[in-house]
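Novice: One structure, pasted below without further comment.
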Amino acid sequence: MFKDCYELTTIDIPSSISELGDKCFYGCRSLTSINIQTPITKLGGYCFNNCHSLKSINISSSVIELGNYCFNGCTSLTLINIPSSIESFGYRCFYGCGCEEELMKNERIPRRCFDE
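When we follow the UniProt record's numbering, the leftmost residue of the sequence shown carries the number 1, and every step to the right adds one.
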């Protein structure tokens, strides 16, 4: 959808969208914040992979699945909410992200989300 849109800085996902597919915002290196409204239920694999400038993301409580490598490499990410609605955490979905250490304290998040 927006893969490698280097000038994209912020985005509000409207409520008319139900899923963000694989690699949707992959490599959007200038993206700093995202607001995900309901009724999105899934963030696909590699969805925000390597969005190096991403600092915050507000995940709706309607999201139940985070795909593999979803936030991998988001090194500037310092603010992310993990709603209790999330049932499925993809492999390495938080590997190499800026808030990895803080997220590791959340017992709901499986170890595979961080491992090399």
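Beta carbons: idealized from backbone N, C-alpha and C, even for Gly.
Since this is a predicted model, take the numbers as computed values, not measurements.
Count the other CB atoms, across all protein chains shown, that sit within 10 Å of the CB of TYR26; report buried if there are 16 or more and exposed otherwise.
Specialist: TYR26 should be labelled buried.
Novice: If you count every other CB in all the chains shown that lies within 10 Å of the CB of ASN72, and 16 or more means buried, which is it?
Specialist: Counting Cβ neighbours within 10 Å, ASN72 comes out buried, since at least 16 surround it.
Novice: Give the straight-line distance between the Cα atoms of LEU31 and GLY67, rounded to the nearest whole angstrom.
Specialist: Approximately 19 Å, taken between the alpha carbons.
Novice: For GLY96 and CYS74, I'd like the C-alpha separation in whole angstroms.
Specialist: Cα-Cα distance, rounded: 7 Å.
Novice: Nearest to CYS113 by CA position, among THR9, ILE80, SER15, CYS70, is which residue?
Specialist: CYS113 has its Cα closest to that of CYS70, out of THR9, ILE80, SER15, CYS70.
Novice: I think GLU87 touches GLU65, with their Cβ atoms under 8 Å apart; what is that distance to the nearest whole Å?
Specialist: Going by Cβ atoms, the distance from GLU87 to GLU65 rounds to 7 Å, so yes, they are a contact pair.
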